[in-house]
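The structure appears right after this line, and notes come after that.
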Amino acid sequence: MSQTLRTLADVHTHHAGKTDALLSVPPERVLQEHPRTPYSLSLHPWYAGPGQLDCFRKALESCLNDPFCQAIGECGLDNRCNTPFEWQLEAFRSSLIAARERNKPVIIHCVGYWDETVRLLDELLGKPADGQPYEPLCVIHGYRKGPQLALRLLSAGCCLSLGEKFNPEVARLVPDDRLFFETDESQEDIWNIRKKIVNLRAENR
Ligand SMILES: [Zn+2]
1 MSQTLRTLAD
11 VHTHHAGKTD
21 ALLSVPPERV
31 LQEHPRTPYS
41 LSLHPWYAGP
51 GQLDCFRKAL
61 ESCLNDPFCQ
71 AIGECGLDNR
81 CNTPFEWQLE
91 AFRSSLIAAR
101 ERNKPVIIHC
111 VGYWDETVRL
121 LDELLGKPAD
131 GQPYEPLCVI
141 HGYRKGPQLA
151 LRLLSAGCCL
161 SLGEKFNPEV
171 ARLVPDDRLF
181 FETDESQEDI
191 WNIRKKIVNL
201 RAENR
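Numbering (this note's numbering), first residue to last: 1 to 205.
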């Protein structure tokens, strides 16, 4: 499954219609119509709640045999949104359990709750052996923080996905097999984003 993620130029986008990008799609849209390009089933903390969770479970059922459904997320925890923490937690737990059961990589949205996120990954996916990634792969999307936190997340077993805005020091330190690229909401072309990051990494070697 991680192989599938690796073949995509862009592991997190909200722009539809690309064959080499993973489109993040909310459950209500998946229920209306399954995308015909690679997608991840999201349960975003901003919209988490009992209704959305119910919808997520139905969508999950509907995409059981859909080869285009290649990941779960974005999902996670956000300390700057108004969703009650308990709802966020329940949504994130359900997402991780679904990812574990279906062996699909997870695209993680995290604002602030870094310790809580790693704790939940350890609890629900199991703490990886030293130097190993979580299984299924867990990708922190849109990582913009500094190197210290990046090292902590990498050593826990996370992968990092970098987009239009990123910390150059972090771009240099992420190992190849833990690095992914994304457009998210950006209008910039994924290949420009990739080139910028790859060039920075090359300077260092
Ligand atoms: Zn996003």
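Using N, Cα and C, we set each Cβ at its ideal position, and we do this for glycine too.
Keep in mind the model is a prediction, meaning the values are calculated, not measured.
Worksheet item: Quick one: Cα of Q187 to Cα of D10, how far?
Response: Along the sequence shown, one-based indexing puts residue 187 at 187. Along the sequence shown, one-based indexing puts residue 10 at 10. Computed Cα separation, rounded: 13 angstroms.
Worksheet item: What do you get for T7, buried or exposed, if any count of 16 or more other CB atoms within 10 angstroms of its CB means buried?
Response: What you label residue 7 is simply residue 7 of the sequence shown in a count that begins at 1. With fewer than 16 Cβ atoms within 10 Å of its Cβ, T7 is classed as exposed.
Item to complete: Could you tell me if R36 is buried or exposed, where buried requires 16 or more neighbouring beta carbons within 10 angstroms of its beta carbon?
Response: Here residue 36 refers to the residue found at position 36 of the sequence shown. Flag for R36 reads exposed.
Discussion item. Using a Cβ-Cβ cutoff of less than 6 angstroms, which residues in the same chain neighbour G142 once the five nearest sequence positions on both sides are dropped?
Written reply: Reading the sequence shown from its first residue, position 142 is the one you call residue 142. Within the same chain, G142 has close Cβ partners G163, D184.
Item to complete: Rounded to whole angstroms, what's the CA-CA distance from L64 to E169? Just pull it up for me.
Response: Counted from its first residue, the sequence shown places residue 64 at position 64. Counted from its first residue, the sequence shown places residue 169 at position 169. Between L64 and E169, the C-alpha separation is close to 40 angstroms.
Worksheet item: Cβ-heavy atom distance between S242 and ligand 1 below 7 angstroms?
Response: What the structure shows of the chain is the stretch from 1 to 205, and residue 242 is not part of that stretch, so it cannot be assessed.
Worksheet entry | Start and end residues, alpha helix (DSSP H) containing E101 | The count along the sequence shown starts at 1 and reaches residue 101 at position 101. That run of the alpha helix (DSSP H) goes 85 to 102.
Item to complete: Could you spell out where the beta strand (DSSP E) holding Q70 opens and where it closes?
Response: Residue mapping note: residue 70 aligns to position 70 of the sequence shown, counting from 1. 69 to 78 is the extent of the beta strand (DSSP E) around Q70.
Practice prompt. Kindly identify the DSSP beta-bridge partner or partners of D10.
Written response: The residue labelled residue 10 in the question sits at position 10 within the sequence shown. Partner(s): A21.
Discussion item. My output table needs one value for V198: the three-state DSSP class, helix, strand or coil.
Written reply: Within the sequence shown, numbered from 1, the residue matching residue 198 stands at position 198. Judged by DSSP in its simplified three-state form, V198 adopts helix.
Worksheet item: Based on Cα-Cα distance, which residue from L200, A156, P136 lies nearest to N167?
Response: To locate residue 167, count along the sequence shown from 1; it is residue 167. Ranking L200, A156, P136 by Cα distance to N167 puts L200 first.
Discussion item. Based on DSSP bridge pairs, tell me the residues matched to S40.
Written reply: Mapped onto the sequence shown, residue 40 falls at position 40. Looking at the DSSP assignment, S40 forms a beta bridge with S24, A71.
Worksheet entry | D184 CB to nearest heavy atom of ligand 1 below 7 angstroms | Counting from one through the sequence shown, the residue named residue 184 turns up at place 184. Yes, ligand 1 has a heavy atom inside 7 angstroms of this Cβ.
Discussion item. Determine, for T19, whether the minimum Cβ-Cβ distance to residues of chain B falls below 8 angstroms.
Written reply: The structure shown has no chain B; it contains just one protein chain.
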